[in-house]
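Quick notes on the structure that follows.
Number of protein chains: 2
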Amino acid sequence: MDNTIHLNHLRCELKKFVSFSDAEWEIFKQYLEFRHYDKKEFFAVPGKVCDHMGFILHGAMRYFHVREGVEITGYFSFENELVSAYKSFLTRLPNTNYIQAIEKTTLILIAKKNFELMENNPAIAFKIEQFGRRIAEYYICCYEDRVASFIIQSPEERYLDMQKNAGEIFLRIPQHYVANFLGITPVSLSRIRKRTLKVHA
Amino acid sequence: MDNTIHLNHLRCELKKFVSFSDAEWEIFKQYLEFRHYDKKEFFAVPGKVCDHMGFILHGAMRYFHVREGVEITGYFSFENELVSAYKSFLTRLPNTNYIQAIEKTTLILIAKKNFELMENNPAIAFKIEQFGRRIAEYYICCYEDRVASFIIQSPEERYLDMQKNAGEIFLRIPQHYVANFLGITPVSLSRIRKRTLKVHA
DNA sequence: TCAAAACCTTATCTTTTGTTAACGTTTTAA
DNA sequence: TTAAAACGTTAACAAAAGATAAGGTTTTGA
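Heads up: the sequence lines are chains R and Y, in that order.
Start counting the first sequence at 1183; every next residue gets the next number (the numbering used here).
Start counting the second sequence at 1183; every next residue gets the next number (the numbering used here).
Dropping the structure here:
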């Protein structure tokens, strides 16, 4: 199978973090693997160290914790986004949540050990260091906003914001997952939807 | 004034991110400034780009938003921690919250422009890149836990966890600030305290 | 195709939180 | 030193959310 198209796509998408020279890209792409996940297949599970970072070519992933036997969804990732149990990937400590494909999903993977090989390869070490930094900084910006939303906004306001800014999500994700993401129960989200519908009608 | 002791202290504390060689440290420390903040003095305000990252030698800082004229506290930083409006510092976009000293506080500052100078100085660029990466990765791990706490835990559970793991905070921070940090109102925290007190009595 | 599972809504009841205000104590600053 | 401000608690009521269960629809998978 020829994956050239997908690798070029990846290189292009990664420009929002860092631009690889042709020489660097030749090295970098050697360390990538393609992997397909069926719906409901797991990318990461609790108790195991997360050894990979993935780039989503197509599909979607769901992050969730299990607490007293109940799944609580904390996050989603979609096409052209990265996916990883980042803390575990960074610290090599056992992961604490599940990451699962919620559609048929194809990832391009980078193994932690390959990351480390590149970090020790002078031809690409600096670029990898930049790459890792930009990714981390990008996610910090996202996290800053997300934490602020929990501090400043009510669940209803979070829902309305999400509907405005990420309405697409609702077309692909069951509402009871979205509810968890907003920090509330599915029943509560259903009520909020009913409430806010009347305002617009 | 001789700040050698404080600079050595900083170098030691930064080892949790990265170790500077003697040569690198000589360069790095040239770019640092000391600054004192009186109680209630601002490190960052909304609408202005945050141009510095600070290391707290002593004192404490409070992060808060103002919403409809009301202050909502989102975070604190203490001795030997970093302080910055990180997203603004990284993106050069106007900051959206206040960062204020809540005690007499002394910081060692790095200006963004000095960071950039070092990023372009071959003698230290790689180390700076590593430094920036490790800081970002460190905060990502913190944020991952903090977001999870909002998704998984009730306010009461967050309070009990905080009391267990960061009890020291309560000795220095007014409770109505802590309440915001937990995502609730001061009145609600007061009730939670009363409730949970009875369990232990 | 068809039974099972998943999903969303609704209802009921309980618990928790928000809001506002009052009160007493402590801290602050002139 | 002293008046003002800040702080924590409590009360009363309203609003919102959690828990549980039931019902109907849609999706899934054998």
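Every residue, glycine too, gets a C-beta built ideally from N, C-alpha and C.
Every value quoted in this text rests on a predicted model; they were computed, and no experiment measured them.
Using a CB distance below 7 Å, the part of the region 1317-1334 of chain R facing chain Y consists of Ala-1318, Glu-1319, Tyr-1321, Ile-1322, Cys-1323, Tyr-1325, Glu-1326, Arg-1328, Val-1329, Ala-1330, Phe-1332, Ile-1333 and Ile-1334, ordered along the chain.
Distance from the CA of Leu-1272 of chain Y to the CA of Leu-1353 of chain R, rounded to the nearest whole angstrom, comes to 33 Å. Sequence-distant partners of Tyr-1321 of chain R (beyond 5 residues in either direction) whose C-beta falls short of 8 Å from its own C-beta, in its chain, are Tyr-1268. In terms of beta-carbon proximity, Phe-1352 of chain R stays away from the interface with chain Y, with every pair separated by 7 Å or more. CA-CA distance, Phe-1199 of chain Y to Leu-1342 of chain R, rounds to 39 Å. Excluding the 5 residues flanking it on each side, Trp-1207 of chain R has same chain C-beta neighbours closer than 7 Å at Arg-1193, in chain order. The continuous beta strand (DSSP E) containing Leu-1239 of chain R extends over residues 1234-1240. The beta carbon of Arg-1377 of chain R sits no closer than 7 Å to any beta carbon of chain Y. A direct Cα-to-Cα measurement between Gln-1282 of chain Y and Glu-1223 of chain Y gives close to 6 Å.
Taking 9 Å as the upper bound on Cβ-Cβ separation, chain R lies near residues Lys-1269, Leu-1272, Thr-1273, Thr-1278 and Asn-1279 of the region 1269-1286 of chain Y.
Distance from the CA atom of Glu-1301 of chain R to the CA atom of Leu-1196 of chain R, rounded to whole angstroms, is 18 Å. The alpha-carbon separation between Asn-1277 of chain R and Asp-1233 of chain R amounts to approximately 10 Å. Boundaries of the alpha helix (DSSP H) around Phe-1363 of chain R: 1357-1363.
Residue nearest to Phe-1237 of chain Y within the set Y:Ser-1201, Y:Pro-1228, Y:Leu-1214 and Y:Asn-1347 is Y:Leu-1214 (criterion: CA-CA distance). If one requires a minimum length of 3 residues, the beta strand (DSSP E) runs lying completely within the region 1268-1351 of chain Y are 1280-1283 and 1287-1293, in chain order. Classified as exposed, Thr-1186 of chain R has fewer than 16 neighbouring CB atoms from the shown chains inside 10 Å of its CB. A distance below 7 Å between beta-carbons, with the five flanking residues on each side excluded, links Phe-1313 of chain Y to the following residues of its chain, in chain order: Phe-1199 and Val-1200.
Beta-bridge partners of His-1247 of chain Y (DSSP): Y:Ile-1254. Pairwise C-beta distances place the region 1279-1295 of chain R in contact with the region 1245-1257 of chain R, as three or more of them are shorter than 8 Å. The CB of Arg-1244 of chain R never comes closer than 7 Å to any CB in chain Y; the least such distance is about 13 Å.
Under the Cβ criterion of 7 Å, His-1234 of chain Y is not counted among the residues facing chain R.
Among the residues facing chain Y, Ile-1310 of chain R is not included, as its CB has no counterpart in that chain under 7 Å away. Annotation: Ile-1310 of chain R to Phe-1297 of chain R spans about 8 Å, alpha carbon to alpha carbon. Annotation: Gly-1229 of chain Y to Tyr-1219 of chain Y spans about 20 Å, alpha carbon to alpha carbon.
With its beta carbon less than 7 Å from one in chain Y, Gly-1365 of chain R belongs to the interface. Nearest CB-CB separation between Arg-1340 of chain Y and chain R: not below the 7 Å threshold. Between His-1358 of chain Y and Thr-1287 of chain Y the beta-carbon gap is near 20 Å, outside 8 Å, which marks them as no contact. Going by DSSP, Leu-1192 of chain R is part of the alpha helix (DSSP H) stretching over 1186-1195.
DSSP, reduced to helix, strand and coil, places Phe-1199 of chain Y outside both helices and strands of the structure shown, so it counts as coil. Contact of Ile-1254 of chain R with chain Y is assigned, a C-beta pair being separated by under 7 Å.
Under DSSP, Ala-1226 of chain R takes part in a beta bridge, and its partners are R:Ile-1281. Closest by C-alpha distance to Val-1252 of chain Y, out of Y:Ala-1305, Y:Thr-1367, Y:Lys-1221 and Y:Glu-1319, is Y:Thr-1367. If you draw a 10 Å sphere on the C-beta of Ser-1372 of chain R, you find fewer than 16 other C-beta atoms in it, and that means exposed. For His-1247 of chain Y, the nearest beta carbon of chain R is closer than 7 Å to its own beta carbon. Under a 10 Å Cβ-count criterion, Asn-1362 of chain R is classified as buried, with 16 or more other Cβ atoms of the shown protein chains found around its own Cβ. In chain order, Ile-1333 make up the part of chain Y whose C-beta sits under 8 Å from the C-beta of Asn-1362 of chain R.
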